[in-house]
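All remarks here apply to the structure that follows.
Numbering (the numbering used here), first residue to last: 193 to 381.
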């Protein structure tokens, strides 16, 4: 008989994918909105494999959420870990762009958003057609300026992009985010 070699690629099947830079709070967010218990640390690249969790709603409906390792600028050129995991968001219906508004963030939220979008586009331009939401994290930290938050919310509103401020650490805004996701996916039911 003939012998053949195949290379298979496993893609996580999730409804929602969380995309962000290292230390933006992706794993903390996943642990707050789902039943997942990912490893969480205050150092870059704590997440080195995709994590999957399930949001279970009182009516019995549920959503699968994937947290992929943090992207860095030029991830689409092979830098860092995130690019090899972007395949896991290809089958999602909605992307959460998670932005860190704290003083510790390298850039501003608008620049972070556009860099993340560019990395996603460089990986697969079709991913830009997915529904999305911007989640602005770490609003609880003293270094997070209210005027910066107001400016970010206004900026995204001007683009027609729904943005929600949260503190994943303190669970602020989490129920509003879960409710947004429920309405987005199950409003027609």
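A virtual CB, placed ideally from N, CA and C, is assigned to each residue, including glycine.
Cβ pair residue 287, residue 281 closer than 8 Å: In this structure, the beta-carbon distance from residue 287 to residue 281 falls below 8 Å.
Backbone secondary structure at residue 381 - three-state DSSP: For residue 381, the pLDDT reaches just 47, beneath the cut-off of 50, and the residue's location in the model is therefore unreliable, although a value from the coordinates is still provided. Here residue 381 sits in coil by DSSP.
Own chain residues within Cβ distance below 6 Å of residue 258, not counting five before or after: 204, 206, 209, 242, 244 and 280
Three-state secondary structure (DSSP) of residue 251: coil
Delimiting residues of the alpha helix (DSSP H) encompassing residue 325: Counting along the chain, residue 325 falls outside any alpha helix (DSSP H), though it belongs to the beta strand (DSSP E) covering 323 to 329.
Strand pairing of residue 212, partner residues [DSSP]: 290
Rounded straight-line distance, which links the Cα of residue 285 to that of residue 304: Their Cα atoms are separated by approximately 22 Å.
Boundaries of the alpha helix (DSSP H) in which residue 302 is found, first to last residue: 301 to 315
Pick from 375, 323, 339 and 341 that is closest to residue 382, judged by C-alpha positions: Because the chain here runs from 193 to 381, residue 382 falls outside it and cannot be looked at.
Residue(s) in a DSSP beta bridge with residue 256: 246
Inter-residue Cα distance where the pair is residue 301 and residue 326: 10 Å
Pick from 374, 331 and 250 that is closest to residue 356, judged by C-alpha positions: 331
Cutoff 6 Å; reference residue 359; Cβ partners in own chain excluding five residues on either side: 331 and 332
Distance between residue 309 and residue 375 (C-alpha atoms, nearest Å): 24 Å
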